[in-house]
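Here the structure is laid out as structure tokens; the discussion comes afterwards.
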Amino acid sequence: MHIQPNAELKAYNTFGLSARAGGLLKILHTGDVHEVVSSGLHPLRILGGGSNILLKGDVEGYVLKNEIKGISIVDENDNNVLVEVGAGEVWHQFVLWAISKNLGGLENLALIPGTVGAAPIQNIGAYGVEQESVFHSLKAIDLTDGNEMIFGKDQCRFGYRDSIFKHELKNRCFIVSVSYLLYKKNYTVNTSYGAISEVLKSKDVHNPGIDHVADAVIEIRRSKLPDPELIGNAGSFFKNPVISVAQYKLLKELHPDIPCYSAGEGLVKVPAGWLIERAGYKGIQKGNVGVHKNQALVLVNYGQGTGQEVWQLALEVMAEVQNRFGIQIEPEVNVW
Ligand code: FAD
Ligand code: NAP
Numbered sequence: 002m003h004i005q006p007n008a009e010l011k012a013y014n015t016f017g018l019s020a021r022a023g024g025l026l027k028i029l030h031t032g033d034v035h036e037v038v039s040s041g042l043h044p045l046r047i048l049g050g051g052s053n054i055l056l057k058g059d060v061e062g063y064v065l066k067n068e069i070k071g072i073s074i075v076d077e078n079d080n081n082v083l084v085e086v087g088a089g090e091v092w093h094q095f096v097l098w099a100i101s102k103n104l105g106g107l108e109n110l111a112l113i114p115g116t117v118g119a120a121p122i123q124n125i126g127a128y129g130v131e132q133e134s135v136f137h138s139l140k141a142i143d144l145t146d147g148n149e150m151i152f153g154k155d156q157c158r159f160g161y162r163d164s165i166f167k168h169e170l171k172n173r174c175f176i177v178s179v180s181y182l183l184y185k186k187n188y189t190v191n192t193s194y195g196a197i198s199e200v201l202k203s204k205d206v207h208n209p210g211i212d213h214v215a216d217a218v219i220e221i222r223r224s225k226l227p228d229p230e231l232i233g234n235a236g237s238f239f240k241n242p243v244i245s246v247a248q249y250k251l252l253k254e255l256h257p258d259i260p261c262y263s264a265g266e267g268l269v270k271v272p273a274g275w276l277i278e279r280a281g282y283k284g285i286q287k288g289n290v291g292v293h294k295n296q297a298l299v300l301v302n303y304g305q306g307t308g309q310e311v312w313q314l315a316l317e318v319m320a321e322v323q324n325r326f327g328i329q330i331e332p333e334v335n336v337w
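With the numbering used here as the guide, the letters of the sequence shown map in order to residues 2 to 337.
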């Protein structure tokens, strides 16, 4: 077990923020996790690709950088394939692997940064699909006692950008592999999201396959979202708030163009990006950090920003949205 003491984490988070951890350990196999538990090191944090964290300051204790690899087909029938994936695999590489084998279910989730092990944490979603739609189960190790556990879909309590791993089991379970049930046959691609159908139409694709949908998603994402290699960010900083239809109707009287999407009976989802833009924050810069000029949901680090600067800006945006619309928006990113 190699511990890198007083480790700089700048290269390990897509915001590109500088912070130090008491120690950094690379985890290549499940045995490494057991060794960490038996050694009694604590406190422990689990790190994947660092694309959904904000490092507010230095991290107390030890950061376990997950690099457990491997993709294997563990079962198969006429319609489906069950695939077990090492939690340290890069999510987009796994999506490309599935597309290369013409397996359906992941194509709308192409180009999401990060690792497979982090996908169930916030039940990653994009373009009308969430990972739970093809999730089968996951294997995890309890960091308090080293017990190995298997979680089925119901036990994960997936919600909108949410799961049990953001609540009771936060920082407690090290996910070592995730299994997905992908489609070989009898599968219909999901093109319900407006932007996808527009791209397909513009290319005269009338009967899209999974590769067409993945290509459309990749094209849209490349054209709209800031690349963390060029400008530090962690994707959507805030979740879209879900409010009652009654509250929405009152807001619509004051703001006739406020958009919404259905979110179950009596509830609607309001795009947080719209609220932030209307609060006057789209494209603003405060010191070394700011709100992205094309996408108000994304906070950015212009290069020399600190975690404290990003956090102060986030607090200011949340307070202003509350003040103007009476809606409490919450961070989607994990604040360390
Ligand atoms: P990290 O940031 O390393 O960790 C995130 C959280 O998961 C932390 O709390 C960490 O402790 C925990 N964690 C990580 N690995 C494990 C593990 N093996 N076991 C237990 N806990 C673990 N998200 C979406 O949902 N949809 C999108 O479309 C989307 N687009 C994005 C676009 C950009 C440009 C960026 C920068 C981010 C985007 N995100 C999106 C957010 C991010 O990609 C996802 O949340 C992703 O799943 C994070 O993976 P990660 O490996 O980087 O996790
Ligand atoms: P967009 O297409 O400009 O849409 C803005 C918001 O409206 C999105 O957040 C989306 O909610 C909602 N929306 C739009 N069309 C919808 C529909 N037909 N049904 C339900 N909700 C709809 O968004 P964008 O920023 O370019 O992102 C595109 C997709 O990638 C979204 O699904 C978004 O969640 C995902 N994404 C996520 C992150 C992240 O870090 N979490 C970063 C980038 C992109 P939803 O977010 O609920 O889909």
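Glycine included, C-beta positions come from ideal geometry on N, C-alpha and C.
In whole angstroms, what is the alpha-carbon distance linking residue i and residue j?
{"i": "lysine 225", "j": "glutamine 296", "result": "8 Å"}
{"i": "phenylalanine 152", "j": "aspartate 143", "result": "12 Å"}
{"i": "glycine 105", "j": "glycine 41", "result": "42 Å"}
{"i": "leucine 65", "j": "leucine 316", "result": "28 Å"}
{"i": "tyrosine 181", "j": "phenylalanine 16", "result": "29 Å"}
{"i": "histidine 43", "j": "glutamate 333", "result": "26 Å"}
{"i": "valine 271", "j": "isoleucine 197", "result": "20 Å"}
{"i": "phenylalanine 175", "j": "serine 73", "result": "20 Å"}
{"i": "phenylalanine 159", "j": "glutamate 131", "result": "9 Å"}
{"i": "leucine 251", "j": "tyrosine 282", "result": "23 Å"}
{"i": "asparagine 7", "j": "leucine 55", "result": "18 Å"}
{"i": "glycine 62", "j": "glycine 87", "result": "25 Å"}
{"i": "isoleucine 285", "j": "methionine 319", "result": "15 Å"}
{"i": "lysine 11", "j": "glycine 49", "result": "14 Å"}
{"i": "tyrosine 303", "j": "valine 117", "result": "28 Å"}
{"i": "glutamate 85", "j": "isoleucine 259", "result": "42 Å"}
{"i": "arginine 173", "j": "threonine 145", "result": "7 Å"}
{"i": "glutamate 90", "j": "glutamate 68", "result": "7 Å"}
{"i": "histidine 213", "j": "aspartate 155", "result": "31 Å"}
{"i": "glutamate 254", "j": "alanine 217", "result": "36 Å"}
{"i": "arginine 223", "j": "aspartate 205", "result": "20 Å"}
Excluding five sequence neighbours on each side, which residues of the same chain lie with their C-beta closer than 6 Å to the C-beta of residue i?
{"i": "leucine 107", "result": "Val96, Ala99"}
{"i": "isoleucine 4", "result": "Gly24, Leu26"}
{"i": "asparagine 1", "result": "Residue 1 falls outside the range modelled here, since the chain spans only 2 to 337, and no answer is possible."}
{"i": "glycine 147", "result": "His35, Val38"}
{"i": "glutamine 305", "result": "Asn289"}
Considering only C-alpha positions, which residue in the set the options is nearest to residue i?
{"i": "alanine 280", "options": "Arg223, Val243, Gln323", "result": "Gln323"}
{"i": "tryptophan 337", "options": "Arg46, Val38, Asn124", "result": "Arg46"}
{"i": "glutamine 94", "options": "Lys70, Val82, Ile244", "result": "Lys70"}
{"i": "asparagine 289", "options": "Asp155, Gln309, Ser198", "result": "Gln309"}
{"i": "phenylalanine 136", "options": "Asp146, Gly115, Asn81", "result": "Asn81"}
{"i": "glutamine 123", "options": "Arg162, Asp146, Asn109", "result": "Arg162"}
{"i": "tyrosine 262", "options": "Val246, Leu255, Thr307, His256", "result": "Val246"}
{"i": "alanine 273", "options": "Leu183, Leu110, Cys157, Asn241", "result": "Asn241"}
{"i": "isoleucine 277", "options": "Glu199, Ile113, Gly265, Lys294", "result": "Lys294"}
{"i": "alanine 127", "options": "Asn109, Lys202, Val177", "result": "Asn109"}
{"i": "threonine 189", "options": "Glu321, Asn208, Asn335", "result": "Asn208"}
{"i": "serine 19", "options": "Thr31, Asp216, Asp59", "result": "Asp59"}
{"i": "valine 232", "options": "Lys167, Asn335, Val292", "result": "The sequence shown places isoleucine at residue 232, rather than the valine named in the question. Nearest C-alpha to isoleucine 232: Val292."}
At a cut-off of 7 Å, is residue i close to the ligand NAP when judged by its beta-carbon and the heavy atoms of the ligand?
{"i": "glutamate 333", "result": "yes"}
{"i": "proline 272", "result": "yes"}
{"i": "lysine 202", "result": "no"}
{"i": "glycine 350", "result": "Outside the displayed range of the chain (2 to 337) lies residue 350, so it cannot be described from this structure."}
Would you say residue i touches the ligand FAD, meaning its beta carbon is less than 7 Å from a heavy atom?
{"i": "threonine 145", "result": "no"}
{"i": "glutamine 305", "result": "no"}
{"i": "alanine 235", "result": "yes"}
{"i": "cysteine 174", "result": "yes"}
{"i": "alanine 120", "result": "yes"}
{"i": "arginine 46", "result": "yes"}
Taking 7 Å as the cut-off, is the beta-carbon of residue i closer than that to any non-hydrogen atom of the ligand ATP?
{"i": "tyrosine 282", "result": "In the structure on display, the ligand ATP does not appear, and the ligands it does have are the ligand FAD and the ligand NAP."}
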